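Those sequence lines, one after another, are chains A and B.
So in the numbering used here, the last one in the first sequence is 737, and the numbering has no gaps at all.
So in the numbering used here, the last one in the second sequence is 737, and the numbering has no gaps at all.
Note that beta-carbon positions come from the ideal geometry of N, C-alpha and C, so glycine has one too.
All of these numbers come straight from a predicted model, not from anything done at the bench.
2 protein chains.
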Amino acid sequence: MGIVIRDALAAVPGPDGIEISRHTIYVAGDLIAGIDEMPAGFSGDEVVEGRNRLVIPGLINAHTHTYMSMMRNSADDLPFMEWLFERVSPIEDQLTGEDAYWASLLSQIEMIRSGTTTFNDMQMHIHQTTKAVRESGMRAVICRGLVGDAYDREDTRLREALEEMEDGKDCSRLTFLLGPHAPYTCGPDYLRMVADTAKTMGIGIHIHLSESVTEIENMRKEHDCTPIEYAARAGVFEVPTIAAHCVQLEGEDISILARHHVSVVTNPASNMKLGNGFAPVQELLDAGVNVCLGTDGAASNNAQNMFREMSHLALIHKGWHRTPQCISAPQVFEAATSAGAKALRLNTGSIEVGKKADLAILRLDTASMMPNNNLLAALCYSADGSETDTVIIDGKIVMQNRELKTIDEEKVYAQIRRMCERLGL
Amino acid sequence: MGIVIRDALAAVPGPDGIEISRHTIYVAGDLIAGIDEMPAGFSGDEVVEGRNRLVIPGLINAHTHTYMSMMRNSADDLPFMEWLFERVSPIEDQLTGEDAYWASLLSQIEMIRSGTTTFNDMQMHIHQTTKAVRESGMRAVICRGLVGDAYDREDTRLREALEEMEDGKDCSRLTFLLGPHAPYTCGPDYLRMVADTAKTMGIGIHIHLSESVTEIENMRKEHDCTPIEYAARAGVFEVPTIAAHCVQLEGEDISILARHHVSVVTNPASNMKLGNGFAPVQELLDAGVNVCLGTDGAASNNAQNMFREMSHLALIHKGWHRTPQCISAPQVFEAATSAGAKALRLNTGSIEVGKKADLAILRLDTASMMPNNNLLAALCYSADGSETDTVIIDGKIVMQNRELKTIDEEKVYAQIRRMCERLGL
Chain A
313 MGIVIRDALA AVPGPDGIEI SRHTIYVAGD LIAGIDEMPA GFSGDEVVEG RNRLVIPGLI
373 NAHTHTYMSM MRNSADDLPF MEWLFERVSP IEDQLTGEDA YWASLLSQIE MIRSGTTTFN
433 DMQMHIHQTT KAVRESGMRA VICRGLVGDA YDREDTRLRE ALEEMEDGKD CSRLTFLLGP
493 HAPYTCGPDY LRMVADTAKT MGIGIHIHLS ESVTEIENMR KEHDCTPIEY AARAGVFEVP
553 TIAAHCVQLE GEDISILARH HVSVVTNPAS NMKLGNGFAP VQELLDAGVN VCLGTDGAAS
613 NNAQNMFREM SHLALIHKGW HRTPQCISAP QVFEAATSAG AKALRLNTGS IEVGKKADLA
673 ILRLDTASMM PNNNLLAALC YSADGSETDT VIIDGKIVMQ NRELKTIDEE KVYAQIRRMC
733 ERLGL
Chain B
313 MGIVIRDALA AVPGPDGIEI SRHTIYVAGD LIAGIDEMPA GFSGDEVVEG RNRLVIPGLI
373 NAHTHTYMSM MRNSADDLPF MEWLFERVSP IEDQLTGEDA YWASLLSQIE MIRSGTTTFN
433 DMQMHIHQTT KAVRESGMRA VICRGLVGDA YDREDTRLRE ALEEMEDGKD CSRLTFLLGP
493 HAPYTCGPDY LRMVADTAKT MGIGIHIHLS ESVTEIENMR KEHDCTPIEY AARAGVFEVP
553 TIAAHCVQLE GEDISILARH HVSVVTNPAS NMKLGNGFAP VQELLDAGVN VCLGTDGAAS
613 NNAQNMFREM SHLALIHKGW HRTPQCISAP QVFEAATSAG AKALRLNTGS IEVGKKADLA
673 ILRLDTASMM PNNNLLAALC YSADGSETDT VIIDGKIVMQ NRELKTIDEE KVYAQIRRMC
733 ERLGL
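Structure (structure tokens):
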């Protein structure tokens with residue numbers, strides 16, 4: 313099966329970064345097989361007309377917890393530790409695996425509808441996000457959240473993580489990381505054990521680092537170092553690491569991250585909503601750190617819409633540093649696309665021949681995108697995500713003219729309503 | 313003609329602020345004629361079913377320049393004065409009155425589609441926004457931007473403003489203010505003249521105040537005071553004033569604003585985008601100032617979507633002050649509805665019998681709004697505006713099931729494309 317996107321504006325890599333130019337794109341199998349040149353033996357069953365359309369690489373939500381959509385708007389306006397331990401955890405404790413499956417589908421509906429094709433998920437209930445991903449057609453990087461104290465290779469959560477990896481081998485849209493939750497929930501020996509395991513297995517690590525002021529204060533008190541130093545000492549950064557948040561960075565933190573090629577996921581809405589502040593994104597970029605973008609879970613955002621996140625990233629640092637010349641639209645777009653692909657080591661995130669065919673096709677004949685005169689800026693400053701018309705993931709159309717092809721939305725919403733009643737949400 | 317919105321969740325004033333509860337709302341003529349009780353003699357031609365719907369007061373965009381949608385994404389990432397005088401003004405100089413009419417329609421499409429029913433507009437070309445408003449069905453408060461030096465009651469721009477007011481008397485959806493642009497474009501005598509004229513006429517003033525650091529520095533150098541003090545001395549605050557921005561407040565500024573019952577419009581996206589920073593909204597609210605919310609023009613936002621603006625207002629102050637307990641969802645909702653109505657002295661902004669029937673009806677069966685468990689928070693933290701399904705303004709349906717009833721969108725977009733070509737945008 314092949315798809316032709318005919319004569320559309322597209323955001324493609326050019327000599328000076330991403331440029332918007334008109335192209336015909338050929339999708340064959342799971343790949344972008346040709347741009348303007350039809351590949352040999354191509355047969356296109358499906359034609360998408362490009363008039364008034366903009367094709368972008370599908371957005372990459374580089375840090376979220378899809379099962380947390382059940383907690384959307386049920387734990388607002390609380391300090392971080394109270395939010396986590398007094399509100400979120402008690403609801404989490406009641407969630408069944410099946411709840412997590414439906415809640416993950418809910419997040420995935422929201423993501424597909426707003427142009428996201430890949431997400432990086434830290435979760436609790438193995439086999440549930442993967443089950444939802446198999447159905448939705450999304451691309452996902454999965455880790456089971458790990459917490460513990462001892463150097464114990466037989467740790468239950470680690471065993472679950474490994475079991476899930478084994479099970480997911482047959483789905484090419486699924487890849488896995490190890491997910492030690494955070495320095496404040498993983499003792500130094502446990503963290504060392506997870507890092508050693510990742511090193512042995514040749515896979516990467518996904519971790520929360522330096523999110524709240526309380527985390528920094530406690531780490532100083534208990535270990536006389538920053539969470540970044542703590543993770544470095546435990547050997548975490550000896551494997552490819554994607555670190556969420558990195559809001560409270562001090563001293564040598566940025567240079568440690570840069571030296572170890574740690575990718576940082578910034579989550580502006582979540583960091584603001586929980587009162588954690590603004591991450592030093594400009595400083596991280598200046599130090600050469602690969603900065604990608606994520607929504608975090610819906611309990612602290614409270615959306616899974618990467619366009620909203622792009623607008624936050626494009627604006628808040630200009631406000632904070634009081635200069636309009638800070639975090640440009642091209643930098644925001646890179647954070648939401650190719651930087652995420654690099655961090656997650658996926659062959660996606662840009663429109664190039666040979667890359668996975670993960671594409672979002674947006675309408676340009678909408679008020680928010682008119683006039684169509686600087687579309688890279690429009691994506692970051694004007695679009696709200698509802699411009700997303702058609703989404704292709706791994707060469708398959710998962711949404712066409714805003715109609716989802718893979719998920720029965722009504723069924724998901726009905727199930728979510730039943731779960732809310734049961735959980736008292 | 314009457315409209316019944318049957319058995320819908322609605323955001324209505326309760327004893328402890330806005331509450332979400334289930335109601336049937338009767339619209340007769342231009343008013344909300346009954347809530348749960350059918351008014352005598354009511355005949356409902358139109359029934360809107362409330363299942364999976366949330367009715368909110370139409371949002372009030374308390375500061376914008378609708379003609380500026382032509383400059384959307386054509387002057388990004390520039391310092392304020394360069395943005396204004398080197399990029400925006402040269403384009404403005406080329407705009408004809410007819411251009412301003414089409415551009416205002418473009419902004420109005422975006423506003424209606426995202427649930428805004430009223431806007432407060434400062435403009436250059438008289439009769440153009442009003443012409444667009446007569447067609448779109450929106451409610452608008454209009455002022456012609458005034459700039460000058462001398463105390464001259466025969467000033468051309470002022471004469472234009474008065475002529476437009478006279479012309480607009482026949483449309484009940486139009487009201488007017490006087491619009492001295494800003495302290496840095498209005499000399500003290502001119503400002504005094506405008507204030508005196510407003511006082512004589514019994515109308516209010518709409519002005520930009522304390523937006524950029526440069527404005528403050530120049531004001532200190534030239535007049536040894538803050539822009540707030542400058543406006544106060546000129547007598548501006550002796551008439552009801554709605555002041556946009558108020559980002560750079562110092563010394564006695566907040567108490568001057570509070571003492572004179574000046575309404576402040578905060579424009580978070582614009583203030584961030586131009587590098588002006590964050591307005592002290594929490595401090596203004598603590599001082600009892602009526603704070604409302606606006607998008608500003610699309611040249612500095614770059615959207616006219618009040619839901620996006622609500623999310624910025626709800627989040628950035630939590631980030632800036634590093635506390636999640638700052639600017640709550642109810643405060644954000646008030647800023648986007650009833651506070652705007654108060655500032656603009658309009659009988660709208662809340663769902664109560666006797667108020668103008670300006671209503672936005674949102675879908676609750678969308679991923680962003682599920683689970684439906686704290687809808688006031690969902691409006692501020694989760695909604696992107698595209699949930700808006702049906703919009704009623706002044707008792708008339710202007711959008712139904714996302715189809716605009718009053719504006720031919722395709723015609724507007726075609727015209728905007730032609731204007732872009734002519735203007736080289």
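For A415/A and G449/A, the gap between their C-alpha atoms comes out near 16 Å. In the three-state scheme derived from DSSP, where H, G and I count as helix and E and B as strand, E562/A is classed as coil. The way I'd put it, the region 540-551 of chain A does touch the region 514-529 of chain A; three or more beta-carbon pairs between them come closer than 8 Å. Here A648/A has L371, L605, M618 and M622 as same chain residues with Cβ atoms under 6 Å from its own Cβ, once five neighbours each way along the sequence are excluded. When N432/A, L489/A and E646/A are compared, the shortest CA-CA separation from A374/A is found for N432/A.
With contacts defined by Cβ atoms closer than 7 Å, R446/A and C483/A form a contacting pair. Bridge partners of Y413/A according to DSSP: none are assigned. Proximity of chain B to R657/A at the Cβ level (cut-off 7 Å) is not reached, the minimal Cβ distance being about 28 Å. Of the candidates M383/A, L417/A, D328/A and R425/A, the residue whose Cα lies closest to the Cα of G697/A is R425/A. A Cβ-Cβ distance of about 19 Å is found for the pair M436/B and P495/B, leaving them out of contact under the 8 Å criterion. By the neighbour-count definition (other C-beta atoms within 10 Å, threshold 16), A555/A is a buried residue. Contact between V453/A and L489/A holds, since their C-beta atoms are separated by about 6 Å, short of 8 Å. One alpha carbon belongs to D319/B, the other to I332/B, and they sit about 12 Å apart. Those residues of the region 677-704 of chain B placed with their C-beta closer than 7 Å to a C-beta in chain A are D677, A679, S680, M682, P683, N685, N686, A689, A690, Y693, S694, D696, G697 and S698, ordered along the chain. If you look at P402/A, you'll find it in the alpha helix (DSSP H) that goes S401 to Q406. The residues P636 and C638, in chain order, have a CB closer than 6 Å to that of K630/A in the same chain once the five nearest residues on each side in sequence are set aside. Within chain A, the residues placing a beta-carbon under 9 Å from that of K585/B are A626, L627, K630, G631, P636 and Y693, ordered along the chain. For the region 348-373 of chain B, the full-length beta strand (DSSP E) segments reaching 3 residues or more read 358-361 and 365-369 along the chain. In the DSSP assignment, Y693/A falls within the alpha helix (DSSP H) that extends over L687 to Y693. About 6 Å separates the Cβ atoms of A655/A and N602/A, confirming a contact at the 8 Å cut-off. At a cut-off of 7 Å between beta carbons, D608/B makes no contact with chain A. Contact of E422/B with chain A is assigned, a C-beta pair being separated by under 7 Å.
Between the C-alpha atoms of Y379/A and A672/B there is a straight-line separation of about 30 Å. Taking Q727/A as reference, the option from V360/A, D405/A, L417/A and R384/A with the minimal CA-CA separation is L417/A. For S333/B, the enclosing beta strand (DSSP E) begins and ends at G329 to A340.
Ranked by Cα distance from E358/A, the first of L470/A, I337/A, T428/A and A653/A is I337/A.
Buried is the label assigned to S419/B, since at least 16 other Cβ atoms lie within 10 Å of its Cβ. Segment contact: the region 383-392 of chain B against the region 681-695 of chain B, fewer than three CB-CB distances shorter than 8 Å; contact not assigned. Shown in chain order are the members of the region 358-392 of chain B whose Cβ falls below 8 Å from a Cβ of chain A: S381, M382, R384, N385, S386, D388, D389, L390, P391 and F392. Where V506/A is concerned, the enclosing alpha helix (DSSP H) starts and stops at P500 to M513. Residues of chain A whose Cβ lies closer than 7 Å to the Cβ of I728/B are, in chain order, M682 and P683. Assigned with DSSP and collapsed to three states, P580/A falls in helix.
Under a 10 Å Cβ-count criterion, F397/A is classified as exposed, with fewer than 16 other Cβ atoms of the shown protein chains found around its own Cβ. Nearest C-alpha to T487/A among I347/A, A323/A, H439/A and A570/A: H439/A.
Taking C-beta atoms as the reference points, A387/B and V400/B count as a pair closer than 7 Å.
The continuous alpha helix (DSSP H) containing D598/B extends over residues V593 to D598.
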